[in-house]
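Below: the structure, in structure tokens.
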Amino acid sequence: KSSQTRIDSFFKVL
Amino acid sequence: MFEARMVRGFIIKRILEAIKDLVSEASWDCSTSGMSLQAMDTSHVSLVSVSLKADGFDKYRCDRNLTLGMNLASLAQIVKAAGNDDVITIKAPDDADKITLIFEPKSETETWEYEIKLMNLDSEYLGIPETDYSVKINLPSHKFQRICRDLSQIGDSVTISAAKDGVRFSTTGDLGSGNVKLNQTASADKPDEAVTIKIEEPIILSFALKYLNHFARATALSPQVSLSLSKDVPLVVEYVIHDDDDDEIGYIRYYLAPKIEE
Chain H
275 KSSQTRIDSF
285 FKVL
Chain U
18 MFEARMVRGF
28 IIKRILEAIK
38 DLVSEASWDC
48 STSGMSLQAM
58 DTSHVSLVSV
68 SLKADGFDKY
78 RCDRNLTLGM
88 NLASLAQIVK
98 AAGNDDVITI
108 KAPDDADKIT
118 LIFEPKSETE
128 TWEYEIKLMN
138 LDSEYLGIPE
148 TDYSVKINLP
158 SHKFQRICRD
168 LSQIGDSVTI
178 SAAKDGVRFS
188 TTGDLGSGNV
198 KLNQTASADK
208 PDEAVTIKIE
218 EPIILSFALK
228 YLNHFARATA
238 LSPQVSLSLS
248 KDVPLVVEYV
258 IHDDDDDEIG
268 YIRYYLAPKI
278 EE
């Protein structure tokens, strides 16, 4: 079973 | 005063078609160097980044940096009314609460003018670090579109594995499984049809096909697309936009967060 990660967990909010 | 005139107005039409269903509201940042936009989809799984260089316009004037927040679906709906051969001009005064869109059919003595209200958006801006990707694949954009479309008939996600012997896109679902294997093409007779694969390190990563199918709506913007991948980081799907002289005038980049095994 795979789960979807979120894009803002990889890139820092400026 | 901001004014940007694009004789090949279909480029603007195609850009909006490529992002409007992924991102509902976004801000265009306008500066002397050009127009750009960055926005996440509502579920924060993907990010789209668009850039159009000032040089890519036939006329470009930006006296002061501007942020033009708008509903992209409304903008796309209006721009859809422009003909493929129309010249499109975007205009805004410095203290704009709306922009003006002007469509001029080339062979006619008509001018169509629309105004769109602007919005104040508190959008989060993400810093995307420079990354040396382990794998970079260039392939015809229509081929990528077909891979995503056909595999999504079978499953919800695609596993991309790249190793020395080529790249494999595979999926599984209730009715079975499917996979596409791509090898690098030998000749460069038709650069638009070429597949090139650069692998520093083998990778295996999974992504939701729903988003890739959204990204493939940019197919009409470029004959080639590139996929950049590294372990445990978002996939980058890039369509470079060229002018008639084949100079780069901008891009659409989509970033997609990977799926991970639990």
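Protein sequences appear in the order of chains H and U.
So the first sequence is numbered by this note's numbering: it starts at 275 and just counts up by one.
So the second sequence is numbered by this note's numbering: it starts at 18 and just counts up by one.
No residue lacks a Cβ here, since even glycine has one placed at the ideal position from N, Cα and C.
Based on the DSSP secondary-structure assignment, which residues constitute the bridge partners of U:S3?
Residue 3 of chain U lies beyond the residue range present for chain U, which begins at 18 and ends at 279; the question has no answer from this structure.
Pull up the CB-CB distance for U:D209 and U:Q162, whole angstroms please, since I reckon it's below 8 Å.
As a working note, residue 209 of chain U is residue 192 in the second sequence. As a working note, residue 162 of chain U is residue 145 in the second sequence. The Cβ separation is near 14 Å, so there is no contact.
Identified DSSP bridge partners for U:R22:
Walking along the second sequence from the start, residue 22 of chain U turns up at place 5. Bridge partners of U:R22: U:K76 and U:T106.
When the Cα of U:L69 is compared with those of U:L273, U:I216, U:I133 and U:I269, which residue comes out closest?
Locating residue 69 of chain U in the second sequence gives position 52, counting from the first residue. Closest by alpha carbon: U:I269.
For U:K215: DSSP bridge partner residues:
Here residue 215 of chain U refers to the residue found at position 198 of the second sequence. Paired residues: U:K153.
Could you please give me the residues that DSSP links to U:V242 through a beta bridge?
Here residue 242 of chain U corresponds to residue number 225 of the second sequence, with the count starting at 1. U:V242 pairs with U:L156.
Whole-angstrom Cβ separation of U:L135 and U:L85, contact assumed at under 8 Å?
Working through the second sequence from its first residue, we reach residue 135 of chain U at position 118. Working through the second sequence from its first residue, we reach residue 85 of chain U at position 68. Sure, about 6 Å apart at Cβ, within 8 Å.
What is the rounded straight-line gap between the Cα of U:Y142 and the Cα of U:K207?
Here residue 142 of chain U corresponds to residue number 125 of the second sequence, with the count starting at 1. Here residue 207 of chain U corresponds to residue number 190 of the second sequence, with the count starting at 1. Each residue's alpha carbon lies about 39 Å from the other.
Backbone CA spacing between U:V212 and U:N200 [nearest angstrom]:
As a position in the second sequence, residue 212 of chain U is number 195, starting the count at 1. As a position in the second sequence, residue 200 of chain U is number 183, starting the count at 1. Using only the alpha carbons, I get a separation of about 7 Å.
9 Å Cβ cutoff, U:E279 in contact with chain H
Residue 279 of chain U sits at position 262 when you count from the first residue of the second sequence. Closer than 9 Å to some Cβ of chain H, the Cβ of U:E279 qualifies, so yes.
U:V257, DSSP secondary structure in three states
Walking along the second sequence from the start, residue 257 of chain U turns up at place 240. Reduced to three states, the DSSP call for U:V257 is strand.
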